[in-house]
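In full-length UniProt numbering, the protein residues as written are 1 to 624.
Below is one structure; the comments refer to it alone.
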Amino acid sequence: MPANTLKDHKAEQRIVGTRVWLSLFFMVVLVFVLIARLFYLQVLRYDEMSTQSEENRVLLQTIPPVRGLIYDTHGKLLAMNRSSRSLTIVRERAGDLDQLIENISTLVPVTDNERRRFDQRLRRRRPYEPIPLKFNLNDEQIATIAVNQFRLPGVEIDADLVRYYPEGCIFSHSVGYVGRINDRELRTLDPALYSGTHVTGKIGLEKYYESILLGKPGYQEVETNARGRVLRVLNQVPSEPGKDLELYLDTELQKVAIEALDGRRGAIVAMDPKTGGVLAMVSNPSFDPNLFVTGIDYETFNGLNKNIERPLYNRATLGEYPPASTIKPVVGLALLANGIVDKNTRIYDQGWFQLPGSEHRFRNWKRRGDGWVNLPKAIFRSNDTFFYNQAGKLGIDRMHDFLSQFGLGRRTGIDIGEERPGLLPSREWKRGVYGQPWYPGETVIAIIGQGYNLATPLQLAEFTTILANRGKHVQPRLVKEDMPDIQSPDWGHDVDVSDEDWDLIIDSMEDVIKNPRGTAHWRIGRDLKYRIAGKTGTAQVVSIPQGEEYDAEQLKEFERDHSLFVAFAPIEDPQIAISVIVENDKGAANVAKTIMDHYLLPRLNPSLTNGLSVDEALKAKVRN
1 MPANTLKDHK AEQRIVGTRV WLSLFFMVVL VFVLIARLFY LQVLRYDEMS TQSEENRVLL
61 QTIPPVRGLI YDTHGKLLAM NRSSRSLTIV RERAGDLDQL IENISTLVPV TDNERRRFDQ
121 RLRRRRPYEP IPLKFNLNDE QIATIAVNQF RLPGVEIDAD LVRYYPEGCI FSHSVGYVGR
181 INDRELRTLD PALYSGTHVT GKIGLEKYYE SILLGKPGYQ EVETNARGRV LRVLNQVPSE
241 PGKDLELYLD TELQKVAIEA LDGRRGAIVA MDPKTGGVLA MVSNPSFDPN LFVTGIDYET
301 FNGLNKNIER PLYNRATLGE YPPASTIKPV VGLALLANGI VDKNTRIYDQ GWFQLPGSEH
361 RFRNWKRRGD GWVNLPKAIF RSNDTFFYNQ AGKLGIDRMH DFLSQFGLGR RTGIDIGEER
421 PGLLPSREWK RGVYGQPWYP GETVIAIIGQ GYNLATPLQL AEFTTILANR GKHVQPRLVK
481 EDMPDIQSPD WGHDVDVSDE DWDLIIDSME DVIKNPRGTA HWRIGRDLKY RIAGKTGTAQ
541 VVSIPQGEEY DAEQLKEFER DHSLFVAFAP IEDPQIAISV IVENDKGAAN VAKTIMDHYL
601 LPRLNPSLTN GLSVDEALKA KVRN
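If you want it as structure tokens, here you go:
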């Protein structure tokens with residue numbers, strides 16, 4: 001039988017004692033480690049930890065600047081900022097972002113486009129910066145978010161200012177619009193200037209004067225609680241608002257111009273010959289710029305972009321058309337200035353012209369001809385044959401050099417940004433582009449504004465302004481005040497032509513309207529209240545085979561000729577110069593006359609404005 005084993009109490013006491021002492025030792029070590037750590041953090045790294053603690057409590061928030069306003073010439077707002085409510089998310093407080101956005105979408109609709117734009121903005125944010133997910137919340141959506149905010153960490157409803165264009169599509173191509181900053185712009189824009197700002201100018205004045213309109217951001221230091229809610233503002237540096245712009249554009253005149261087009265495709269530019277100020281700039285059809293401010297959806301943009309009538313295209317500065325017979329007064333000046341013709345030079349027009357040794361006939365628009373034709377008659381009858389006969393004598397190089405003085409073939413430098421130079425052909429140009437010589441028949445076509453010739457409606461208005469000023473060049477501009485660091489390049493210089501030559505050309509342009517045989521007389525030449533100098537033009541869209549006559553009814557709509565008209569008035573004291581292009585239709589002269597009547601008649605007859613100046617009367621109308 002095994003012997004009873006008794007407990008060794010002393011051994012157990014030694015073991016327990018050892019364990020107690022070891023535990024005590026480790027506790028002392030841990031206390032010393034804790035003290036050392038506290039000493040390291042609170043003494044050695046006091047400044048750093050104090051700063052981090054302060055940053056957790058005090059946040060630096062950007063104060064975005066208020067974008068500058070844009071007014072028309074009478075003080076009417078064309079671009080303003082209006083209050084809007086946005087749903088924003090602070091990433092640091094949001095937790096599971098995907099789940100949060102899914103929860104939000106069950107309360108208010110969140111489109112794929114909104115989510116995509118949110119992700120783009122998220123990549124360029126600053127810490128604790130609210131990122132907008134949805135703009136322009138209505139009252140019902142705001143209330144829904146507010147009721148459910150306890151389960152939406154990091155979600156806030158922010159009030160901000162959103163760009164708004166009260167005239168809608170009236171000035172969309174000239175004033176332009178702002179839109180959300182895209183990835184390409186992110187790489188070039190100054191992040192300090194655009195902190196807290198989510199839009200930038202995309203086209204028109206909004207883009208050209210972006211640095212002026214934007215302003216400068218400010219900042220504020222705010223104290224927050226543990227949940228990130230702002231308790232108080234500790235310090236604030238206010239933002240600097242953008243500068244307002246006052247334009248030469250006249251809203252009422254712009255509306256009259258659009259109504260005169262009557263829904264047809266086309267472009268109109270009206271200028272003040274004394275200042276170069278653009279009074280009206282129309283490109284029809286147009287679009288609503290407000291669609292782009294907070295981000296246009298793909299379906300709507302695709303519909304605009306693929307529309308066969310091209311509403312997004314600014315025909316006034318980007319549309320390049322054959323100037324056709326509108327350049328005949330300038331060509332006439334070139335013939336006079338180079339001594340090729342004088343007022344008595346005449347040819348007999350039998351309806352066509354042939355180059356020596358060629359069987360091809362260059363036909364006059366009137367197939368039976370105009371008989372004996374001199375330069376004045378060639379202008380008011382728009383006789384092609386007279387100019388055909390002078391083409392070889394003038395030559396393409398001298399024609400190019402003279403017409404370039406009137407702005408053809410180069411950008412005007414207007415303060416809008418989007419502009420094409422048109423094309424004023426020359427022998428050197430053709431050799432450089434096509435590697436081919438210049439042919440005599442090409443000069444015959446070029447002298448009547450066809451062939452390679454292309455011009456924008458703005459260029460047509462500019463050379464008409466130079467004609468109105470008898471050679472004096474003024475810079476086309478939309479904004480009245482010169483802005484620092486944003487000056488349009490002034491390429492122009494005065495055209496040196498004798499007074500006698502100016503008189504002959506301008507009198508001939510007056511006969512376009514006044515003379516019973518003038519090409520615009522039967523349209524606008526009756527019951528005139530002021531003197532108009534003008535010139536009609538017809539630009540071919542498709543070529544008509546030799547021997548056949550143009551018949552609009554036999555052509556598709558987009559293949560029909562364009563109607564052009566340039567004019568200035570009154571002749572003795574020009575106050576408006578205008579160019580009109582009506583695509584694939586007639587009636588450009590009627591459109592111009594409607595616009596000039598609206599602009600000039602109140603100025604020429606003060607009784608129509610109750611004794612006030614036109615500007616005073618219109619400004620009073622805006623105030624009321």
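Note that the Cβ used here is the ideal one computed from N, Cα and C, for glycine as well.
Which class does residue i belong to by DSSP, given the choice of helix, strand or coil?
i: residue 20; result: helix
i: residue 1; result: For residue 1, the predicted model reports a pLDDT of 48, less than 50, meaning its position is unreliable and no value from the coordinates is stated.
i: residue 294; result: coil
i: residue 354; result: coil
i: residue 331; result: helix
i: residue 365; result: coil
i: residue 94; result: coil
i: residue 474; result: coil
i: residue 108; result: coil
i: residue 447; result: coil
i: residue 340; result: coil
i: residue 114; result: helix
i: residue 312; result: coil
i: residue 189; result: coil
i: residue 11; result: helix
i: residue 41; result: helix
i: residue 77; result: strand
i: residue 533; result: strand
If you check the beta carbons only, do residue i and residue j fall under 8 Å apart?
i: residue 326; j: residue 76; result: no
i: residue 115; j: residue 131; result: no
i: residue 568; j: residue 467; result: yes
i: residue 164; j: residue 82; result: yes
i: residue 447; j: residue 399; result: yes
i: residue 462; j: residue 440; result: no
i: residue 145; j: residue 87; result: yes
i: residue 84; j: residue 135; result: yes
i: residue 243; j: residue 212; result: yes
i: residue 308; j: residue 282; result: no
i: residue 407; j: residue 492; result: yes
i: residue 585; j: residue 563; result: yes
i: residue 631; j: residue 168; result: As displayed, the chain neither begins before 1 nor continues past 624, which places residue 631 out of reach and without an answer.
i: residue 171; j: residue 245; result: no
i: residue 378; j: residue 538; result: no
i: residue 240; j: residue 216; result: yes
i: residue 103; j: residue 137; result: no
i: residue 418; j: residue 284; result: no
i: residue 478; j: residue 205; result: yes
For residue i, write down the residues that DSSP places opposite it in a beta bridge.
i: residue 156; result: 88
i: residue 161; result: 83
i: residue 440; result: DSSP, once it has assigned bridges, lists no residue as partnering residue 440.
i: residue 220; result: 61 and 236
i: residue 563; result: 538 and 582
i: residue 569; result: 576
i: residue 321; result: 455
i: residue 132; result: 88
i: residue 372; result: 348
i: residue 200; result: 179
i: residue 246; result: 71
i: residue 479; result: 247
The beta strand (DSSP E) with residue i in it runs from where to where?
i: residue 177; result: 177 to 180
i: residue 283; result: 278 to 284
i: residue 349; result: 346 to 349
i: residue 251; result: Segment 251 to 261 is the alpha helix (DSSP H) holding residue 251; no beta strand (DSSP E) there.
i: residue 271; result: 266 to 271
Over the uninterrupted alpha helix (DSSP H) stretch that includes residue i, give me the two end residues.
i: residue 429; result: 427 to 434
i: residue 389; result: 384 to 394
i: residue 498; result: Premise fails: residue 498 is in no alpha helix (DSSP H) and is neither H nor E.
i: residue 602; result: 588 to 604
i: residue 419; result: Looking at the DSSP string, residue 419 is not in any alpha helix (DSSP H), and its letter there is neither H nor E.
i: residue 66; result: Where residue 66 is concerned, there is no enclosing alpha helix (DSSP H), given that its DSSP letter is neither H nor E.
i: residue 213; result: 210 to 214
Counting contacts by CB-CB distance shorter than 8 Å, is residue i in contact with chain C?
i: residue 160; result: In the displayed structure, chain C is absent; only one protein chain is listed.
Closer than 7 Å to a non-hydrogen atom of the ligand MN - does that hold for the CB of residue i?
i: residue 149; result: The ligand MN is not part of this structure, which contains no ligands at all.
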